[in-house]
Amino acid sequence: MKKEEPWHEDDSFWETVNDVMFTRNRMDITPAEIDRVLNILGVEENAHILDLCCGVGRHSIELARRGYKITGIDRTRSYLDRAKQSAMEENLTNIEFIEADMRTFCSPDTFDAVINLYTSFGYFEDPEDDKRVLQNIHKSLRAGGNLLLEMMGKEVLARIFQRTRWREEEDGTLILQESRVCEGFSWIENRWIIIKGGKRADFRVDHRLYSAKELTTLITECGFMGFEVYGDLERSPYDEKAKRLIVVAWK
269 MKKEEPWHED DSFWETVNDV MFTRNRMDIT PAEIDRVLNI LGVEENAHIL DLCCGVGRHS
329 IELARRGYKI TGIDRTRSYL DRAKQSAMEE NLTNIEFIEA DMRTFCSPDT FDAVINLYTS
389 FGYFEDPEDD KRVLQNIHKS LRAGGNLLLE MMGKEVLARI FQRTRWREEE DGTLILQESR
449 VCEGFSWIEN RWIIIKGGKR ADFRVDHRLY SAKELTTLIT ECGFMGFEVY GDLERSPYDE
509 KAKRLIVVAW K
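Here my numbering is used: the first residue of the sequence shown is 269, the next is one more, and so on.
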């Protein structure tokens with residue numbers, strides 16, 4: 269029997285959720301997000317930044333507009349095509365997009381900073397794959413370089429968890445999400461039912477959950493010299509009011 273393709277390798281999933289993930293509102297707040305990202309990273313004006321899991325280039329292109337040298341990595345070709353088109357329309361020559369898997373992409377001593385935003389970490393069933401990703405990031409950073417990870421932390425999810433929820437997007441798309449945590453609260457299984465234009469699509473979207481302690485322990489094991497933890501991109505404490513899990517680590 270053929271093994272079912274992982275959700276994160278299913279191009280039909282990414283094409284279906286394109287308009288859901290990259291709404292006009294989300295695109296509009298990108299400059300403010302990048303202001304906060306740069307404030308945390310503290311990189312110099314000529315820094316080379318890797319956007320790991322860059323999608324359609326929402327953050328990559330904003331960074332390139334500000335003069336940084338940018339490399340965007342993603343495995344979804346349709347997203348990269350859209351990103352390349354956007355960069356070309358703005359005549360941005362300081363940006364490149366590469367189709368690659370973050371488990372295998374490594375460019376030793378190349379980047380001053382790496383960003384991985386919007387819960388783009390923890391996709392894989394084998395936790396060793398997450399470790400490989402962090403090891404590749406560490407190798408790809410120059411000495412003194414920084415990593416910024418932004419995701420839904422286990423502690424935050426435990427506080428706000430709902431087994432079933434639904435929402436309507438700006439374009440009228442309806443999304444029903446059914447969730448179940450398992451494996452000692454280390455893994456979450458999500459079923460997404462997406463109804464758009466009278467058509468229905470069902471997807472499984474599962475990923476690993478990390479607490480701040482678990483993630484920073486893994487980061488340290490992968491060679492990073494130190495880290496800081498925040499509850500949002502404004503550097504709020506990671507406490508009972510945290511909205512996200514932000515980890516900044518340095519080589």
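Where a beta carbon is used, it is the ideal one built from N, C-alpha and C, also for glycine.
Quiz item: Is L402 near L486, with beta carbons less than 8 Å apart?
Solution: Counting from 1 along the sequence shown, the entry for residue 402 is found at position 134. Counting from 1 along the sequence shown, the entry for residue 486 is found at position 218. A contact, by the Cβ cut-off of 8 Å.
Self-check item: Entirely enclosed alpha helix (DSSP H) segments - the stretch 291-328, minimum 4 residues
Solution: 292-296, 298-309
Quiz prompt | DSSP three-state assignment for K270, whether helix, strand or coil | solution = Reading the sequence shown from its first residue, position 2 is the one you call residue 270. Residue placement at K270 is poorly supported in this model, since its pLDDT is 41, which falls under 50; the coordinates still yield a value, given next. DSSP places K270 in the coil class of the three-state scheme, outside both helix and strand.
Quiz item: Taking R400 as the reference, which of M295, D279, T378, F373 has the closest Cα?
Solution: Translated into the one-based positions of the sequence shown, residue 400 becomes position 132. It is F373.
Quiz item: Does DSSP put R512 in a helix, a strand or coil?
Solution: Here residue 512 refers to the residue found at position 244 of the sequence shown. If DSSP states are grouped into helix, strand and coil, R512 belongs with coil.
Practice problem: Could you have a look at E436 and say whether DSSP puts it in helix, strand or coil? | Solution: Stepping through the sequence shown from its first residue, residue 436 is reached at position 168. Strand at E436.
Quiz item: Would you say D349 reaches chain C, if we count a Cβ-Cβ gap shorter than 8 Å as a contact?
Solution: Protein chains in the displayed structure number just one, and chain C is not present.
Quiz item: Where do the ends of the alpha helix (DSSP H) carrying V449 lie?
Solution: Numbered from its first residue, the sequence shown carries residue 449 at position 181. It is not in any alpha helix (DSSP H) - V449 instead sits in the beta strand (DSSP E) that spans 442-450.
Self-check item: 8 Å Cβ cutoff met for V516 and L483
Solution: Numbered from 1 along the sequence shown, position 248 holds the residue referred to as residue 516. Numbered from 1 along the sequence shown, position 215 holds the residue referred to as residue 483. The answer is no: Cβ separation not under 8 Å.
Practice problem: Starting from G466, follow its DSSP beta bridges and name the residues at the other end. | Solution: Position 198 of the sequence shown, counted from the first residue, corresponds to residue 466. Answer by DSSP bridge pairing: none, since G466 is not bridged.
Self-check item: Nearest-angstrom Cα separation, counted from A426 out to V324
Solution: For the purposes of this step, residue 324 is taken as the residue at position 56 of the sequence shown. For the purposes of this step, residue 426 is taken as the residue at position 158 of the sequence shown. Between V324 and A426, the C-alpha separation is close to 30 Å.
Self-check item: Residue nearest to M493 in terms of C-alpha spacing, selected from Y336, E283, A355, H406
Solution: Working through the sequence shown from its first residue, we reach residue 493 at position 225. Scanning Y336, E283, A355, H406 for the CA closest to the CA of M493 turns up H406.
Exercise. With DSSP collapsed to three states, give me the class of T372.
Key: Residue numbering aside, residue 372 sits at position 104 when the sequence shown is read from its first letter. Coil at T372, not helix or strand.
Quiz prompt | Cβ neighbours of L360 in the same chain (closer than 6 Å, five flanking residues each side left out) | solution = Residue mapping note: residue 360 aligns to position 92 of the sequence shown, counting from 1. Within the same chain, and ignoring the five residues on either side of L360 in sequence, the residues whose Cβ sits closer than 6 Å to its Cβ are A332.
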